[in-house]
Amino acid sequence: MAVIDVESGGNPFAVSPKGAMGLMQLMPPTGRQQGADDLFDPAQNLLAGARLLDALLATFGDVSLALAAYNAGEGAVRKFGGGIPPYAETRRYVERVMGRVGFYQR
1 MAVIDVESGG
11 NPFAVSPKGA
21 MGLMQLMPPT
31 GRQQGADDLF
41 DPAQNLLAGA
51 RLLDALLATF
61 GDVSLALAAY
71 NAGEGAVRKF
81 GGGIPPYAET
91 RRYVERVMGR
101 VGFYQR
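Sequential numbering from 1 applies to the sequence shown in full-length UniProt numbering.
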């Protein structure tokens, strides 16, 4: 839920200025890689986003790094030595999602 809150505010028809779509704001090629044909279908979008996050968590072994890679791409995390890239948008994104995680854990 935390990623959905930050990415789309729960709007299954959200489209970002960069073309990311649906609840988890997946780019169409990424959605297809994760098995989603219709990113506006909440079930497909959620499953594809969960698969992607699971893969990123397995790759980086850390929730914050997985979130940074979800936002900025795996290459950006690797480029900066396996740390959160120094991009303001990515740092804010990780902070916002982790803040929502804390909210839901209460």
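For every residue, glycine included, the Cβ atom is placed at its ideal position computed from N, Cα and C. The structure presented is a predicted model; accordingly, all values stated were derived computationally and were not measured.
Give the DSSP bridge partners of residue i, in chain order.
| i | result |
| --- | --- |
| residue 15 | 21 |
| residue 26 | 21 |
Looking only at C-alpha atoms, which of the options sits nearest to residue i?
| i | options | result |
| --- | --- | --- |
| residue 84 | 4, 68 and 18 | 68 |
| residue 21 | 47, 38, 52 and 34 | 38 |
| residue 47 | 97, 59, 32 and 60 | 32 |
| residue 2 | 105, 100 and 106 | 100 |
| residue 29 | 14, 11, 10 and 52 | 52 |
| residue 24 | 34, 4, 104 and 13 | 4 |
| residue 12 | 49, 94 and 35 | 49 |
| residue 6 | 54, 82 and 96 | 96 |
| residue 94 | 34, 77 and 15 | 77 |
| residue 70 | 98, 82 and 56 | 56 |
Leaving aside the five residues before and after residue i along the sequence, list all residues of the same chain whose C-beta is less than 7 Å from its C-beta, in chain order.
| i | result |
| --- | --- |
| residue 72 | 85, 87 and 90 |
| residue 80 | 86 |
With DSSP run on the structure shown, which of helix, strand or coil describes residue i?
| i | result |
| --- | --- |
| residue 39 | coil |
| residue 102 | helix |
| residue 33 | helix |
| residue 10 | coil |
| residue 5 | helix |
| residue 80 | coil |
| residue 75 | helix |
| residue 70 | helix |
| residue 87 | coil |
| residue 62 | coil |
Once you ignore the five residues that flank residue i on each side, which residues in its own chain have a CB closer than 8 Å to its CB?
| i | result |
| --- | --- |
| residue 103 | 2 |
| residue 16 | 25 |
Inter-stretch contact at 8 Å, needing at least 3 Cβ pairs: the segment 36-46 / the segment 60-71: The segment 36-46, when compared against the segment 60-71, does not touch it at the 8 Å Cβ threshold.
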